[in-house]
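The next block holds one structure in the form of structure tokens; read it before the comments.
Residue numbers (the working numbering): 1 to 271.
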């Protein structure tokens with residue numbers, strides 16, 4: 001046919017025959033790459049892998065540690081349960097930093113407030129070891145499923161120190177209500193009201209605020225005692241403080257659906 005289309009209905013003759021078509025297309029692509037050089041990067045690597053018929057095996061996500069799904073009973077004494085979480089902020093220059101907060105769920109004490117630009121799982125383990133040397137070992141630690149808190153360093157630390165580590169359900173921060181409430185106070189009263197000009201400045205201001213929180217801030221949930229005073233009270237009177245109505249714990253969200261509770265005189269439902 002005069003228009004270059006073959007009698008069979010295909011367009012192979014437009015490109016000089018069936019056998020010459022792939023070579024023509026290949027040469028056209030080669031010329032295009034010379035005129036418009038392809039930048040190095042992911043797209044180029046992907047093209048080369050595709051041309052060679054190669055593929056990259058997708059890595060399976062590491063299984064995160066999952067805590068128990070039963071309500072937790074906590075004895076009304078110091079170190080019965082600690083809660084951990086991070087709160088984030090930034091310096092005046094725009095560089096971000098984070099604060100590792102550790103709270104005693106019974107006494108409401110701020111056991112540690114550690115600001116730094118980077119806090120890894122190993123750093124968390126070291127800080128916990130230092131805190132235990134000063135304070136004593138907790139019966140349980142509660143945290144979310146953050147990368148640092150589910151790292152191999154933390155899993156090994158909890159096993160070596162024989163400390164039960166409970167992870168809340170993903171997307172349920174209310175199950176870690178004590179430290180979340182503390183984070184909110186810190187943000188409203190300090191972080192949002194302060195302009196930090198460096199890490200030393202942030203450490204000094206946060207340490208001063210935490211000291212005021214522990215020793216000069218009465219809490220209605222503690223019978224209008226400060227966390228430090230309440231810790232001294234239950235240390236002197238034992239678990240009987242939990243049976244006093246003036247020291248009644250406010251209701252908080254359970255860490256899991258309701259289950260069967262084993263009653264004990266000195267145990268209170270605290271999470």
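From the three backbone atoms N, C-alpha and C, an ideal C-beta is built for every residue, glycine too.
What you are looking at is a predicted structure, and each value in this text was computed from that prediction instead of being measured.
Check each candidate in 204, 143, 92 and name the one with the smallest Cα separation from residue 167.
Checked all of 204, 143, 92; the closest Cα to residue 167 is 143.
Can you name the start and end residues of the beta strand (DSSP E) that residue 104 belongs to?
Run containing residue 104: 96-104, per the beta strand (DSSP E) assignment.
Beta-carbon separation of residue 174 and residue 81 under 8 Å?
Against a cut-off of 8 Å, the Cβ pair of residue 81 and residue 174 comes out as no contact.
Specify, as a first and last residue, the run of the beta strand (DSSP E) that residue 140 falls within.
Segment 140-143, the beta strand (DSSP E) holding residue 140.
Looking at residue 234 and the ligand NAD, is the gap between the Cβ and the nearest heavy atom below 7 Å?
The ligand NAD is not part of the structure shown, which contains no ligands of any sort.
Along the chain, where does the beta strand (DSSP E) that runs through residue 112 open and close?
Residues 110-116.
Residues bridged to residue 165 by DSSP?
141, per the DSSP bridge assignment.
According to DSSP, is residue 58 helix, strand or coil?
In the structure shown, residue 58 sits in coil (DSSP, three-state: anything other than H, G, I, E or B).
For the beta strand (DSSP E) holding residue 86, just list the boundary residues, first then last.
Residues 82-90.
Tell me which residues share the same chain as residue 263 and place their Cβ nearer than 6 Å to its Cβ, disregarding the 5 neighbours each side in the sequence.
Since pLDDT at residue 263 reaches only 34, below the 50 mark, its modelled position is unreliable, and no value is offered.
Tell me the rounded alpha-carbon separation between residue 49 and residue 59.
Rounded to whole angstroms, residue 49 to residue 59 spans 17 Å at the Cα level.
What do you get for residue 162, buried or exposed, if any count of 16 or more other CB atoms within 10 angstroms of its CB means buried?
With fewer than 16 other Cβ atoms within 10 Å, it is exposed.
From which residue to which residue does the alpha helix (DSSP H) around residue 219 run?
Neither: residue 219 is in no alpha helix (DSSP H) and is coded neither H nor E.
Candidates 237, 236, 229: which alpha carbon is nearest residue 109's?
For residue 109, the nearest C-alpha among the options comes from 229.
Check residue 180 in the structure and name its three-state DSSP category.
DSSP places residue 180 in helix when its eight states are reduced to three.
Determine the closest residue to residue 160 out of 125, 193, 113, 145, with distance taken between C-alpha atoms.
Out of 125, 193, 113, 145, 125 has the C-alpha closest to the C-alpha of residue 160.
Taking the beta carbon of residue 54 as the centre, do at least 16 other beta carbons fall within 10 Å, making it buried, or is it exposed?
Answer is exposed; the Cβ neighbour count stays below 16.
Of the residues 195, 46, 189, 179, which one's Cα is nearest the Cα of residue 103?
Ranking the options by Cα distance to residue 103, first place goes to 179.
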